[in-house]
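Undergrad: Residue numbers (the UniProt record's numbering): 1 to 116.
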Amino acid sequence: MDITRIMLQVQFHDVANDQRGMSHFNWTLDSGTNYHILRTACYPYMKYHCSKREVQDLWLEDKFFRFLKVINLGLPMLFYGLAAIRLISHTEIVHVSETVKVPIYFLYAEDKGSSF
Numbered sequence: 001m002d003i004t005r006i007m008l009q010v011q012f013h014d015v016a017n018d019q020r021g022m023s024h025f026n027w028t029l030d031s032g033t034n035y036h037i038l039r040t041a042c043y044p045y046m047k048y049h050c051s052k053r054e055v056q057d058l059w060l061e062d063k064f065f066r067f068l069k070v071i072n073l074g075l076p077m078l079f080y081g082l083a084a085i086r087l088i089s090h091t092e093i094v095h096v097s098e099t100v101k102v103p104i105y106f107l108y109a110e111d112k113g114s115s116f
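Structure follows, in structure tokens:
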């Protein structure tokens, strides 16, 4: 299956925070496929929006999104995270290894047969 775009949330305690401080960045898989990742904290979740795109210099966008988070004190994301506690209606489990399983939370189940 070729994923082009996905939005997901994971709980803070399930994240090994190797992307701390990063808001918009490239993530290239071993296969060479690249995704643009928009990442933000929405306590008690981490929110990721992933779009399959070519590698680009995202330095300026990363700084811009961080600036927005600072000037609004992160309040919109806090409120989004708190609302998501009640709005999340779908969970999938990702098996990171034989012993590590990470639940991924969605506001609604994706249509696996859709084009977009």
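Even for Gly, the Cβ is constructed at its ideal location relative to N, Cα and C.
Can you tell me which of the three DSSP states Ile-104 falls into?
TA: Correct three-state label for Ile-104: strand.
Undergrad: Taking all protein chains shown into account, do 16 or more other C-beta atoms lie within 10 angstroms of the C-beta of Arg-39, making it buried, or fewer, making it exposed?
TA: Under this definition Arg-39 is a buried residue.
Undergrad: For Val-96, which three-state DSSP category applies?
TA: Residue state, collapsed to three classes: coil.
Undergrad: Kindly indicate which residue of Tyr-45, Leu-58, Glu-110 has the alpha-carbon position closest to the one of Tyr-35.
TA: Considering only alpha carbons, the answer is Leu-58.
Undergrad: Where does His-13 sit, in a helix, a strand or coil, going by DSSP?
TA: Here His-13 sits in helix by DSSP.
Undergrad: When the Cα atoms are used, what is the spatial distance from Gly-74 to Leu-87?
TA: Each residue's Cα considered, the two are about 20 Å apart.
Undergrad: Report yes if the CB atom of Val-102 is closer than 8 Å to the CB atom of Val-10, and no otherwise.
TA: Closer than 8 Å, so yes.
Undergrad: When DSSP labels each residue in this structure, what does Ile-88 get in the three-state scheme?
TA: Of the three classes helix, strand and coil, the one that applies to Ile-88 here is coil, per DSSP.
Undergrad: In three-state DSSP terms, what is Ala-41?
TA: Here Ala-41 sits in strand by DSSP.
Undergrad: Assign Ser-23 to buried or exposed, taking buried as 16 or more other Cβ atoms, counted over all protein chains shown, within 10 Å of its Cβ.
TA: Buried: at least 16 other Cβ atoms inside 10 Å.
Undergrad: Can you tell me which of the three DSSP states Asp-18 falls into?
TA: Coil.
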